[in-house]
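Enquirer:
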Amino acid sequence: MPDIPNEANPLKPGEIYEDPFFHPCLCLGLDDAGFAWGVSLFDGSYPRQTDLYMSGIRRLTLEEAWEWRMRGPDAIAAIWLAEHPELQLP
Numbered sequence: 271m272p273d274i275p276n277e278a279n280p281l282k283p284g285e286i287y288e289d290p291f292f293h294p295c296l297c298l299g300l301d302d303a304g305f306a307w308g309v310s311l312f313d314g315s316y317p318r319q320t321d322l323y324m325s326g327i328r329r330l331t332l333e334e335a336w337e338w339r340m341r342g343p344d345a346i347a348a349i350w351l352a353e354h355p356e357l358q359l360p
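Heads up, the sequence shown is in my numbering, so the first residue is 271 and it goes up one at a time.
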């Protein structure tokens, strides 16, 4: 089951999350507006900033982050879209 950060179980610096572009990211900080920022563990891009409560991100385990790193964002996005065909554009 996806581990989705929320107010009762917030994302913390040092944790790994999946950003809206399917990059596994190491959270480096949070701001008062509800944004997390970090660095991509896929390609090192920085900063990877996302709204914690509007973008539908989820916390990743180390194993998931490694899988995301090895497969790449495009493959992970394709898997996600196959599991959610109702969200694909016509």
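Even glycine gets a Cβ: it sits at the ideal position worked out from N, Cα and C.
1) In chain order, what residues of the same chain have a beta carbon less than 7 Å from the beta carbon of residue 339, not counting five sequence neighbours either side?
2) Which term fits residue 287, buried or exposed, when burial requires 16 or more other beta carbons within 10 angstroms of its beta carbon?
3) By alpha-carbon positions, which one of 349, 348, 356 and 297 ends up nearest to residue 322?
4) If you reduce the DSSP assignment to three classes, tell me which class residue 286 lands in.
5) Using DSSP bridges, identify the partner residues of residue 304.
6) Is the CB-CB distance between residue 331 and residue 289 below 8 Å?
7) Just mark residue 281 as buried or exposed, buried being the case when its beta carbon has 16 or more other beta carbons within 10 Å.
Expert: Considering the structure as presented:
1) Cβ-Cβ distances below 7 Å link residue 339 to 294, 311 and 312 in the same chain, with the five nearest sequence neighbours on each side left out; the list follows chain order.
2) So residue 287 counts as buried.
3) Considering only alpha carbons, the answer is 297.
4) Looking at residue 286 - three-state DSSP - the assignment turns out to be strand.
5) Partner(s): none; residue 304 has no beta bridge.
6) Not closer than 8 Å, so no.
7) Buried.
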